[in-house]
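What follows is a short report on a single structure.
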Amino acid sequence: MNLAAQKGTFSLLTQRVSAAAFALLVLPLSAQPHKVTQAEVDRITRDAILIDTHNDVTSRTVEGYDIATPNTHGQTDLPRMKGFLGAEFFAVFVGADYVNGNHSANRALEMIDTVRTDVIAAHPNDFVFATTADDIVRAHNEHKIAALMGIEGGHAIEDSLRLLRDYYALGVRYMTLTHFNTNNWADSQGDVDNPKVVHHNGLTPFGKDVVREMNRLGMMVDISHTADKTFWDALETSSAPIIASHSGCRAVTSYTRNMTDEMIKALAEKGGVVQINFGCEFLSQRYFNDSKPLQASMREQYMEAMKLEDPAARSAAIGKLRAEFSGKVPPATLADVVAQVDHAVKAGGIDHVGIGTDFDGVACVPPELDSYNKFPALTRALLEKGYSAEDIKKIYGGNLLRVMRAVEQRARELRSTPTIHSEISKK
């Protein structure tokens with residue numbers, strides 16, 4: 462190679478090195494790779510206020526399970542919560558079968574009582590009753606877990622706004638408008654394709670009044686189980702940000718309980734948050750595809766297990782079936798959680814994504830994230846993905862606190878407006 466050629470090659474190499482160096486300079490700091498230390502992981506996890514917006518362990522505590530003892534068939538117990546979890550929204554879950562005989566309100570009250578009696582009152586050194594964003598921050602500063610409640614299934618109000626107000630007075634701070642069942646005023650995702658079910662094309666006029674009264678009270682509107690049209694109606698009707706307490710991204714996993722990018726973007730534009738569900742079928746398309754035929758084949762066995770009256774025997778039988786299931790279909794992974802979070806951030810923005818694990822309410826979660834003491838693994842994975850400490854704090858709880866404060870502020874603005882007294886029209 463002659464001298465001129467050597468100079469040209471050297472000049473080209475210099476330009477490439479300079480371009481690479483410049484690219485590192487202009488990249489956001491959060492996107493620049495760095496060596497993640499355990500000290501950094503521990504500090505961020507400790508400083509963040511981790512808020513989980515959906516946990517179903519209440520379906521066990523209401524039957525006598527002590528949350529301070531090891532949960533051998535689930536993800537939630539006090540030893541694994543302490544030091545990692547800042548606030549828990551315990552699910553006031555009311556199954557669709559309680560609609561029969563008009564027992565929904567009775568069940569809702571039982572579930573509220575198990576949070577207040579079997580969790581908070583039974584363990585006052587670890588849990589503190591909370592209803593506001595400031596309560597959550599205060600509990601974090603006192604090194605306690607803030608215990609809040611969210612109703613899962615709008616049929617719990619038995620078509621009565623008076624009951625809705627009663628639940629708010631007892632401490633409920635969000636309500637999922639439907640569960641898997643369409644109720645008398647809102648369509649559910651769970652049966653939207655069932656021709657035998659009477660649907661409303663989203664929210665009825667009474668359903669819209671439910672949303673408005675939730676705004677007036679200061680109760681967050683949750684759309685995690687609703688049909689898509691119900692979501693759009695709720696978003697349009699609500700004058701405060703709304704949440705998806707335990708959902709995911711449909712573009713990543715096609716389960717219709719997940720949200721489309723259009724929905725996530727619209728939710729974000731109105732200030733809301735999508736809280737990422739850790740259930741394997743929400744996280745992984747591979748798991749979702751492979752699990753469906755096996756679920757169908759094992760459904761009869763599962764239903765027989767559910768009929769067992771003794772809680773310990775029922776829990777053991779269900780645990781055995783889940784172990785058999787997981788042996789045939791490998792679970793989702795930590796990487797799947799990161800992919801869901803990352804896609805939600807890209808669709809809605811860093812200020813509109815959070816955590817709603819659905820622990821003890823789903824049959825499968827990633828083994829690397831099967832309880833709250835495993836969250837350092839997620840912290841590390843997000844750091845390695847390029848997220849900053851501030852990004853992670855927003856995802857873990859900061860975004861949900863912002864929504865809570867916005868909902869609380871809207872309620873203050875509506876304080877002077879009349880109480881809504883509408884009823885479902887009788888045909």
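First residue of the sequence shown? That's 462 in this note's numbering, and the numbers climb one at a time after it.
Glycine residues also receive a C-beta, built at the ideal position from the N, C-alpha and C atoms.
Exercise for review: Determine the direct distance from the alpha carbon of T637 to that of V682, and round the result to whole angstroms.
Suggested key: 7 Å
Point to revise | Beta-ladder partner(s) of E549, from DSSP | key: D513 and A608
Check your understanding: Does the region 668-678 touch the region 585-603, meaning 3 or more C-beta pairs lie closer than 8 Å?
Key -> no
Review point. By DSSP, does L664 sit in helix, in strand, or in coil?
Key: strand
**Study point:** I779 (DSSP reduced to helix, strand or coil)
**Key:** Helix, per DSSP.
Review point. Nearest to L664 by alpha carbon, out of D654, I510 and A688?
Key: A688
Exercise for review: Going by CA-CA distance only, name the one from A778, V518, A757 and M759 that's closest to M767.
Suggested key: A778
Point to revise | Local Cβ density within 10 Å of F551, reported as buried at 16 or more and exposed below that | key: The residue is buried, with at least 16 neighbouring Cβ atoms inside 10 Å.
**Study point:** Spatially closest choice to G556 from A701, A569 and R623, by CA coordinates
**Key:** A569
Check your understanding: Anyone know if the C-beta pair for I737 and V798 falls short of 8 Å?
Key -> yes
Practice item. Flag this pair as yes or no: are the beta carbons of S708 and S685 separated by less than 8 Å? Key: yes
Exercise for review: Output the boundary residues of the beta strand (DSSP E) element that contains M681.
Suggested key: M681 to D683
Exercise for review: Please state if the CB of L625 and the CB of H882 are separated by a distance shorter than 8 Å.
Suggested key: no
Practice item. Could you check the C-alpha separation between A824 and S877 for me, to the nearest Å? Key: Roughly 45 Å between the two C-alpha positions.
Practice item. With a cut-off of 8 Å on the beta carbons, I'd call K846 and D803 a contact; round off their distance for me. Key: 6 Å
Review point. Do you know how far the Cα of T717 is from the Cα of M542?
Key: 30 Å
Check your understanding: By the 10 Å Cβ neighbour count, where 16 or more other Cβ atoms means buried, how is M764 classified, buried or exposed?
Key -> exposed
Point to revise | Straight-line Cα distance separating K807 from C710 | key: 11 Å
Review point. For N563, is the classification buried or exposed, using 16 other Cβ atoms within 10 angstroms of its Cβ as the cut-off for buried?
Key: exposed
**Study point:** Of the residues L862, D831 and Q756, the one placed nearest L782, counting alpha carbons only
**Key:** For the options L862, D831 and Q756, the alpha carbon positioned closest to that of L782 is the one of Q756.
Check your understanding: Do the region 650-660 and the region 570-577 touch if we need at least three Cβ pairs shorter than 8 Å?
Key -> no
Practice item. Identify whether Y848 lies in helix, strand or coil by the three-state DSSP scheme. Key: coil
Check your understanding: Alpha carbon to alpha carbon, what distance is there between N644 and Y748?
Key -> 30 Å
Check your understanding: Which class does Q736 belong to by DSSP, given the choice of helix, strand or coil?
Key -> strand
Practice item. Pull up the DSSP beta-bridge partners for A647, would you. Key: Answer is L664.
Point to revise | Top-ranked residue by Cα proximity to S715, from E742, A695, G822 and S649 | key: E742
Exercise for review: Pull up the distance between the alpha-carbon of G740 and that of D595, whole angstroms please.
Suggested key: 29 Å
Practice item. Please name the residue, chosen from D722, R577, G679 and G535, that lies closest to T880 on a Cα-to-Cα basis. Key: G679
**Study point:** Start and end residues, beta strand (DSSP E) containing G562
**Key:** Under the DSSP assignment, G562 falls outside any beta strand (DSSP E); it carries neither an H nor an E label.
**Study point:** Rounded distance between the beta-carbons of I512 and I597, thought under 8 Å
**Key:** 7 Å
Review point. Which whole-angstrom value describes the C-beta separation of E613 and V553, a residue pair presumed to lie in contact below a C-beta threshold of 8 Å?
Key: 6 Å
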